[in-house]
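Notes to accompany the following structure.
In the numbering used here, the protein residues as written are 521 to 766.
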């Protein structure tokens, strides 16, 4: 399969990234966002982690589920939504963490026709009123501390546990249960978000890698391939704008 190729414009907001344009292909990958993919013209072919394929015009992929874009479409929209946000929680509830690609496609078809979410082909970020998740206070504190430490080099769970006054093993258990992702993969995801923000702000890939706390650009490259099925250099092909969101 060819590499991820998008000819698109994109908008980046806290907890939300929207890309609009030609849908390209992507190898098997998984990311900690809820992903909405919508073809405005034509259809695309999506595969799940088991290799099952569906041709469709809309899909919602739950967080942390392996998938690949086998065939693209000439014009479409890709929306990455933070699963911890109100919109992300509402989307995740649709499938109850399903691995069934048929359910992903059914959910996508339903939401594509729902004017609360889309209007004139644009994503409407108006659903942030979902109730806040119930988390252990220590996990809430840990999540608040992490973004400010990304550029400080390696992040150790033991250090974070000391700061939130829990044992390392207890925090590891609570973190996985409350966030839905173990500590280390979650930190990688935060670093990748930061790198994307830095590239969008005009930084080089090397500067973005260091600013996000990656060891070097090769480390960023590996994580980007695993998460998006693409090289971080593809981020330079995106035209970053401010007006894709309603």
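Using N, Cα and C, we set each Cβ at its ideal position, and we do this for glycine too.
Put residue i into one of helix, strand or coil per three-state DSSP.
i, result
"residue 731", "helix"
"residue 654", "coil"
"residue 708", "helix"
"residue 551", "coil"
"residue 758", "coil"
"residue 718", "helix"
"residue 669", "helix"
"residue 676", "coil"
"residue 646", "Legend: pLDDT at residue 646 = 43, less than 50; position of this residue unreliable, value from coordinates given subsequently. Note: residue 646 maps to coil in three-state DSSP."
"residue 575", "strand"
"residue 701", "coil"
"residue 603", "coil"
"residue 752", "helix"
Determine which residues share a DSSP beta bridge with residue i and list them.
i, result
"residue 686", "Paired residue(s): none; residue 686 is not in a bridge."
"residue 528", "541"
"residue 631", "Partner(s): none; residue 631 has no beta bridge."
"residue 568", "587"
"residue 536", "533 and 601"
"residue 581", "555"
Going by CA-CA distance only, name the one from the options that's closest to residue i.
i, options, result
"residue 595", "628, 561, 570 and 571", "561"
"residue 536", "607, 591, 580 and 577", "607"
"residue 670", "621, 572, 689 and 708", "708"
"residue 783", "573, 593, 618 and 555", "Coverage of the chain is limited to positions 521 through 766, which leaves residue 783 absent and any answer about it impossible."
"residue 681", "632, 668, 663 and 752", "663"
"residue 609", "761, 574, 735 and 654", "654"
"residue 692", "726, 672 and 656", "656"
"residue 623", "690, 710, 605 and 574", "574"
"residue 630", "620, 619 and 614", "614"
List the whole-angstrom C-beta distance separating residue i from residue j, where the pair is believed to meet the contact cut-off of C-beta under 8 Å.
i, j, result
"residue 750", "residue 744", "6 Å"
"residue 725", "residue 753", "7 Å"
"residue 684", "residue 661", "5 Å"
"residue 621", "residue 559", "Actually they are not in contact, since the Cβ atoms of residue 621 and residue 559 sit about 16 Å apart, beyond 8 Å."
Would the beta-carbon of residue i fall within 8 Å of that of residue j?
i, j, result
"residue 625", "residue 576", "yes"
"residue 579", "residue 597", "no"
"residue 699", "residue 755", "no"
"residue 747", "residue 551", "yes"
"residue 567", "residue 590", "yes"
"residue 723", "residue 731", "yes"
"residue 592", "residue 541", "no"
"residue 705", "residue 695", "no"
"residue 688", "residue 697", "no"
"residue 665", "residue 710", "no"
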